[in-house]
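As structure tokens, the structure follows; a few thoughts come after it.
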Amino acid sequence: MTKVLLSHPPRPASHNSSRAMVWVRKNLFSSWSNSLLTIGCIWLMWELIPPLLNWAFLQANWVGSTRADCTKAGACWVF
């Protein structure tokens with residue numbers, strides 16, 4: 032007796048990434064004005080977030096008990 036393996040037909044790939052791209056295109060790039068606004072907001076975040084993180088965490092003063100202990104240019108978290 033011979034056994035025959037029947038394979039199921041291949042399923043289509045998951046459309047999670049394509050659904051995300053459809054959402055992005057529909058909501059963020061649906062017109063030239065939305066595209067311009069989206070790119071402008073991305074540029075603004077690119078310009079503002081790294082210096083903010085640098086000031087708030089990397090150059091911040093963490094050790095001390097008074098404001099006089101804040102000597103760096105970053106945020107003063109000693110209180």
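Numbered according to the numbering used here, the sequence shown spans residues 32 to 110.
Backbone N, C-alpha and C define an ideal beta-carbon position, used for all residues, glycine too.
Note that the structure is a prediction, hence the values are computed from the model and not measured.
For Trp86 and Pro43, what's the separation of their Cα atoms in angstroms? Within the sequence shown, numbered from 1, the residue matching residue 86 stands at position 55. Within the sequence shown, numbered from 1, the residue matching residue 43 stands at position 12. Approximately 48 Å between the Cα atoms of the pair.
Provide the residue span of the alpha helix (DSSP H) that contains Trp93, from first to last. Against the sequence shown, residue 93 aligns to sequence position 62. Segment: none, Trp93 is in no alpha helix (DSSP H) and carries neither H nor E.
Kindly give me the distance between the Cβ atoms of Ala91 and Gly105, rounded to whole angstroms, as I take these residues to be in contact under 8 Å. Here residue 91 is taken as the residue at index 60 of the sequence shown, counted from 1. Here residue 105 is taken as the residue at index 74 of the sequence shown, counted from 1. At roughly 4 Å, the Cβ-Cβ gap stays under 8 Å, so Ala91 and Gly105 are in contact.
In the DSSP assignment, what residue or residues form a beta bridge with Cys107? For the purposes of this step, residue 107 is identified with residue 76 of the sequence shown, where counting begins at 1. Beta-bridge pairing links Cys107 to Asn92.
Taking the continuous alpha helix (DSSP H) assigned at Thr69, which residues delimit it? Along the sequence shown, one-based indexing puts residue 69 at 38. Where Thr69 is concerned, the enclosing alpha helix (DSSP H) stretches over Trp63 to Leu84.
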